[in-house]
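Read the structure below first, then the notes.
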Amino acid sequence: MKISPFPEVDSILRQAGLCDCLWVAPSSMTVSQWVRMKCMFGCPDYGKNASCPPHVPSVQECRELLGEYSHAVLIHLVCDVHSEERGSWCASYQKLLVEAERQVFLAGHEKAFLLSFDNCNLCGECTADPRDCRLPYMRRPTMEAFAIDVYSSVRRLGYSISVKKDREEKPDRFALLLVE
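Position one of the sequence shown corresponds to residue 6 (the working numbering), numbered consecutively onward.
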């Protein structure tokens with residue numbers, strides 16, 4: 006865990022209502038090939054979203070990108086709505102997080118980059134091809150798309166997280182805002 010190196014970023018996140026945030030070293034995130042394999046062999050949406058594999062950098066490139074940063078904010082969200090409302094909840098938080106990233110950028114942190122908590126669901130139906138994306142300025146990959154083992158990474162940082170066995174259980178969601 007780290008002390009906040011950028012109080013102005015903390016202020017932006019608080020103003021956005023993002024209060025459960027923890028400054029971390031990006032190197033504390035576990036990047037593993039098995040996470041990418043779970044996307045490729047197990048996710049029913051594989052290849053159907055422009056911000057998910059195979060439309061993201063290789064695992065090695067993801068690891069290298071994280072290495073270019075020395076600061077990140079882990080943002081914890083709890084989805085406290087019924088399962089049928091989750092799509093709109095996710096879309097609203099996706100927009101909120103992208104706007105927070107933009108505000109951090111405008112505050113002088115030009116390398117600000119968000120790894121989101123959910124696959125992009127801003128459009129009713131994704132074109133699945135990044136070249137045809139209707140909202141490319143808002144599209145962000147997830148931590149999992151970047152091969153980050155969210156479970157082991159956040160547990161090591163003190164968060165309790167488990168696989169939800171019932172769709173009505175409130176899922177813990179995590180995003181990572183890279184800042185320099």
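Ideal Cβ positions, reconstructed from N, Cα and C, are used throughout, including at glycine. Keep in mind that this is a model prediction, so the values were computed, not measured.
Asked	Found
Local Cβ density within 10 Å of residue 61, reported as buried at 16 or more and exposed below that	buried
Per DSSP, the bridge partner or partners of residue 77	29, 183
Sequence-distant residues of its chain with Cβ nearer than 7 Å to residue 138 (five each side left out)	55, 132, 144
Beta bridge counterpart(s) of residue 120 as assigned by DSSP	181
Start-to-end residues for the alpha helix (DSSP H) that takes in residue 106	91-111
Opening and closing residue of the alpha helix (DSSP H) in which residue 158 lies	155-161
Rounded C-alpha distance that separates residue 38 from residue 152	6 Å
Among 29, 167, 170, the one whose alpha carbon lies nearest that of residue 71	29
Rounded separation between residue 161 and residue 154 - CA only	11 Å
Neighbourhood of residue 4 by C-beta distance below 6 Å, restricted to the same chain and skipping five residues each side	Look at the range of the chain in this structure, 6 to 185, and you will see that residue 4 is not part of it.
Proximity of residue 75 and residue 185 at Cβ, strictly below 8 Å	yes
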